[in-house]
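Visitor: In the numbering used here, the protein residues as written are -11 to 559. We put the CB at the ideal spot given by N, CA and C, even for glycine. Pasting in a structure now, in structure tokens, and then I'll have a few things to ask.
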């Protein structure tokens, strides 16, 4: 209750500061012409209303096998108020109200059994799981400019250092809501639309105006934010032993290949059985060698979730670049790891497990790592090279993560399993220095044969390459959720092309991604903007995934191909 009061009081305080900082109004004019002039000249109201309807066009996996193909019916309305009070004080506030239906695909999940010992039903998501109707503002920022060289922003805000499209790299400050949107589908919901704002402070100080040298500092305390919004929001995917598992439409496909005596042996990747014989040179084929996973997510504590960062940016001619540092929890869901909290017996007392008559239970907690992040980025428009017109903007981002944790297991594992606990790493976790970088190439070009109606209408082209390099790599490093190895060098390629026809009333756009390990995604879209009315936009969008299996990269969503109709009205 105290947190909610703080969230509601903050916008009121900002409004009070705005009004008291403007030219004083006499009591007689408080509700007179001056007040009316202030609202007419200084206050603007805008926002948007949006509806997205989606249908599954795939067969559906074992958790979502339902005849009802509707997998998205999301209505959003976001009103926004901007107060341009003075030359040095501005205030912006918005609210986001969302309503989604209860999906048959998710409701059906309660009829499926969790494959641990003994079996039990899965619990469905609550009917209002995706709804947002809190009076707490979505954004609420007070912008102050005490001097020409100093800018201060206070409130619930977005801070993004990254410029990549569709795939994140340097976008590590605000978390993302990954529960309602299919992944790597920027034509449906881009990174700006899934980002979660955070309460905090951001300052920009211009050190040298001539070279546009700017020193930036931010601090996000975290305790104003809800626990699940301090890091990426996700819906779980693995069969677990806590009888609390819930499957979402965009959950990654669970690991279904680790089966021992007909039971889920996911826990065997992280712990050995309490039965000593199961760790011997010739382990018995016994139910006592099964390790049941009992999982839960450990969110950053309110008093221990600060995120602090600084960077300096500069311009040298056409080259813009910056170097930065971030300290705090890494919010990315793909960087989480399972940490073992203990191993117990599935029976009330340990005797049956030690005697070889009952399986063991490993308690796993899914955690985000608190880390130091060293970052850099650049942007450079290339004109001509050796009198050859290139006309391409090159942009890059790099992130160094020291001692980044990874889950690790032994491949192949015991009992004929794909992977089990590596005896060299009894904790199931190793820490490795990791370097990630992205290079992007953006340009516009003419393709006359694709534009017979207007040969001078350009196409926008964008190509990106992402790579992650694990130093001192060890065989057996894997994602927290599956028994699929992570290579020393991982690569993802993306390409995007878009243009406009009939006076930009028809706007096709295609985004594709490819992982050389054998996975792909395609996100085509075609939009219609009525002539003379740019406030309305209709989009038909597809999200398709594939790969050599369902346990890594884009293959996680191989059975969740969907088509969406998106309608937005800007007011």
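Can you check which of these residues, 191, 519 and 158, is closest to residue 491 by C-alpha distance?
Guide: Position 503 of the chain shown, counted from the start, is the residue given in the question as residue 491. Nearest of 191, 519 and 158 to residue 491, Cα basis: 519.
Visitor: Going by the DSSP bridge assignment, what does residue 60 pair with across the sheet?
Guide: For the purposes of this step, residue 60 is taken as residue 72 along the chain shown, with counting starting at 1. Looking at the DSSP assignment, residue 60 forms a beta bridge with 42.
Visitor: Any idea what DSSP makes of residue 450, helix, strand or coil?
Guide: Mapped onto the chain shown, residue 450 falls at position 462. Looking at residue 450 - three-state DSSP - the assignment turns out to be strand.
Visitor: In chain order, what are the residue ranges of uninterrupted alpha helix (DSSP H) at least 4 long that sit wholly in the segment 111 to 182?
Guide: Segments of the alpha helix (DSSP H) lying fully in the segment 111 to 182: 179 to 182.
Visitor: Rank 138, 77, 120 and 159 by C-alpha distance to the C-alpha of residue 362 and give the top, closest one.
Guide: Here residue 362 corresponds to residue number 374 of the chain shown, with the count starting at 1. Ranking the options by Cα distance to residue 362, first place goes to 159.
Visitor: Give me the residue from 338, 314, 297 and 307 with the minimum Cα distance to residue 276.
Guide: Translated into positions along the chain shown, residue 276 becomes position 288. Measuring from the Cα of residue 276, the nearest candidate turns out to be 338.
Visitor: Please classify residue 522 as buried or exposed, where buried requires at least 16 other C-beta atoms within 10 Å of its C-beta.
Guide: Walking along the chain shown from the start, residue 522 turns up at place 534. Under this definition residue 522 is an exposed residue.
Visitor: Quick one: what's residue 569 bridged to in DSSP?
Guide: Nothing about residue 569 can be reported from this structure: the residues present for the chain run from -11 to 559 only.
Visitor: Which residue from 169, 426 and 245 puts its Cα closest to that of residue 223?
Guide: Position 235 of the chain shown, counting from 1, holds the residue named residue 223. Out of 169, 426 and 245, 169 has the C-alpha closest to the C-alpha of residue 223.
Visitor: Spatial neighbours of residue 61 within its chain, please: C-beta separation below 7 angstroms, excluding the five flanking residues on both sides.
Guide: As a first step, residue 61 is located in the chain shown; it is residue number 73 there, counting from the start. Excluding sequence neighbours, residue 61 sits near 41, 88 and 89.
Visitor: Between 397, 417, 418 and 420, which has its C-alpha nearest residue 409's C-alpha?
Guide: Taking the chain shown and counting its residues from 1, the one referred to as residue 409 is at position 421. Nearest option by C-alpha distance: 397.
Visitor: Over what stretch of residues does the alpha helix (DSSP H) that includes residue 340 continue unbroken?
Guide: Residue mapping note: residue 340 aligns to position 352 of the chain shown, counting from 1. Unbroken alpha helix (DSSP H) run through residue 340: 339 to 342.
Visitor: Pairs of beta-carbons, one from the segment 346 to 358 and one from the segment 284 to 303, closer than 8 angstroms: are there three or more?
Guide: Verdict: yes, contact present.
Visitor: Round the Cβ separation of residue 498 and residue 482 to the nearest angstrom and send it over; I've been treating them as touching at under 8 angstroms.
Guide: For this step, residue 498 is matched to residue 510 along the chain shown. For this step, residue 482 is matched to residue 494 along the chain shown. Going by Cβ atoms, the distance from residue 498 to residue 482 rounds to 11 angstroms, so no, they are not a contact pair.
Visitor: So residue 256 and residue 267 are in contact, right, with Cβ under 8 angstroms, and what is the actual spacing, rounded?
Guide: Numbered from 1 along the chain shown, position 268 holds the residue referred to as residue 256. Numbered from 1 along the chain shown, position 279 holds the residue referred to as residue 267. Contact doesn't hold; Cβ gap of about 11 angstroms is too wide.
Visitor: So, with DSSP's three-state summary, where would you put residue 518?
Guide: Start at 1 with the first residue of the chain shown, and residue 518 comes out as number 530. Coil, per DSSP.
Visitor: Between the Cα of residue 220 and those of 141, 512 and 321, spot the shortest distance and give me the residue it belongs to.
Guide: Residue mapping note: residue 220 aligns to position 232 of the chain shown, counting from 1. Closest option to residue 220, Cα to Cα, is 321.
Visitor: Can you name the residues that DSSP bridges to residue 205?
Guide: Position 217 of the chain shown, counting from 1, holds the residue named residue 205. DSSP output for residue 205 lists 191 and 298 as bridge partner(s).
Visitor: How about residue 152 and residue 118: do their beta carbons lie closer than 8 angstroms?
Guide: As a working note, residue 152 is residue 164 in the chain shown. As a working note, residue 118 is residue 130 in the chain shown. The answer is no: Cβ separation not under 8 angstroms.
Visitor: Are residue 346 and residue 334 touching if we call contact CB-CB under 8 angstroms?
Guide: In the chain shown, counting from the first residue as 1, residue 346 sits at position 358. In the chain shown, counting from the first residue as 1, residue 334 sits at position 346. Cβ distance < 8 angstroms, so residue 346 and residue 334 count as in contact.
Visitor: Spatial neighbours of residue 557 within its chain, please: C-beta separation below 7 angstroms, excluding the five flanking residues on both sides.
Guide: Numbered from 1 along the chain shown, position 569 holds the residue referred to as residue 557. 36, 37, 523 and 524, listed in sequence order.
Visitor: Can you tell me the Cβ-Cβ gap for residue 299 and residue 316, rounded? I've got them flagged as a contact below 8 angstroms.
Guide: As a working note, residue 299 is residue 311 in the chain shown. As a working note, residue 316 is residue 328 in the chain shown. Incorrect: roughly 14 angstroms between the Cβ atoms, too far for contact.
Visitor: Using 8 angstroms as the threshold, is the C-beta distance between residue 45 and residue 515 below it?
Guide: Counting from 1 along the chain shown, the entry for residue 45 is found at position 57. Counting from 1 along the chain shown, the entry for residue 515 is found at position 527. No, the Cβ-Cβ distance between residue 45 and residue 515 is not below 8 angstroms.
Visitor: For residue 388, tell me which candidate among 318, 471, 201 and 472 has the shortest Cα-Cα distance.
Guide: As a first step, residue 388 is located in the chain shown; it is residue number 400 there, counting from the start. Minimum Cα distance to residue 388 is reached at 318.
Visitor: Would you list the one or two residues that DSSP bridges to residue 485?
Guide: Taking the chain shown and counting its residues from 1, the one referred to as residue 485 is at position 497. According to DSSP, which records beta bridges pairwise, residue 485 is partnered with 449 and 498.
Visitor: Are the Cβ atoms of residue 258 and residue 350 separated by less than 8 angstroms?
Guide: For the purposes of this step, residue 258 is taken as the residue at position 270 of the chain shown. For the purposes of this step, residue 350 is taken as the residue at position 362 of the chain shown. A contact, by the Cβ cut-off of 8 angstroms.
Visitor: Skipping 5 residues on each side, what residues in its chain have a beta carbon closer than 7 angstroms to that of residue 174?
Guide: For the purposes of this step, residue 174 is taken as the residue at position 186 of the chain shown. Closer than 7 angstroms at the Cβ level, and outside the excluded window around residue 174, lie 153, 154, 499 and 511.
Visitor: Count Cβ pairs between the segment 403 to 417 and the segment 434 to 451 that sit closer than 8 angstroms; are there 3 or more?
Guide: No: the two stretches stay apart, fewer than three of their Cβ pairs being nearer than 8 angstroms.
Visitor: Kindly list the residues whose CB is nearer than 8 angstroms to the CB of residue 377, restricted to its own chain and excluding five residues on each side of it in sequence; keep chain order.
Guide: Taking the first residue of the chain shown as 1, we reach residue 377 at position 389. Cβ neighbours of residue 377 beyond the five flanking positions: 371.
Visitor: So, at 6 angstroms on beta carbons, what are the nonlocal neighbours of residue 177 in its own chain, with the 5 sequence-adjacent residues on each side left out?
Guide: Position 189 of the chain shown, counted from the first residue, corresponds to residue 177. Closer than 6 angstroms at the Cβ level, and outside the excluded window around residue 177, lie 169.
Visitor: Looking only at its chain, what residues have a beta carbon closer than 7 angstroms to the beta carbon of residue 185, apart from the 5 residues adjacent to it on each side?
Guide: Residue numbering aside, residue 185 sits at position 197 when the chain shown is read from its first letter. Only 126, 127, 144, 145, 146 and 162 meet the Cβ criterion.
Visitor: What's the C-alpha gap between residue 459 and residue 425?
Guide: Within the chain shown, the letter at position 471 stands for residue 459. Within the chain shown, the letter at position 437 stands for residue 425. When rounded, the distance between both Cα atoms is 14 angstroms.
Visitor: Is the beta carbon of residue 419 sitting closer than 8 angstroms to the one on residue 393?
Guide: Counting from 1 along the chain shown, the entry for residue 419 is found at position 431. Counting from 1 along the chain shown, the entry for residue 393 is found at position 405. Result yes, Cβ atoms of residue 419 and residue 393 sit closer than 8 angstroms.
Visitor: Excluding the 5 residues flanking residue 172 on each side, which residues of the same chain have their C-beta closer than 6 angstroms to its C-beta?
Guide: For the purposes of this step, residue 172 is taken as residue 184 along the chain shown, with counting starting at 1. Contacts found: 154, 501 and 509.
Visitor: Relative to the C-alpha of residue 548, which candidate in 530, 199 and 559 has its C-alpha closest?
Guide: Stepping through the chain shown from its first residue, residue 548 is reached at position 560. Considering only alpha carbons, the answer is 530.
Visitor: Enumerate in chain order the residues of its own chain whose CB-to-CB distance from residue 65 is below 6 angstroms, with the five nearest sequence positions on each side excluded.
Guide: Here residue 65 refers to the residue found at position 77 when the chain shown is read from its first residue. If we look at residue 65 and ignore the five residues flanking it on each side, its Cβ neighbours are 37 and 85.
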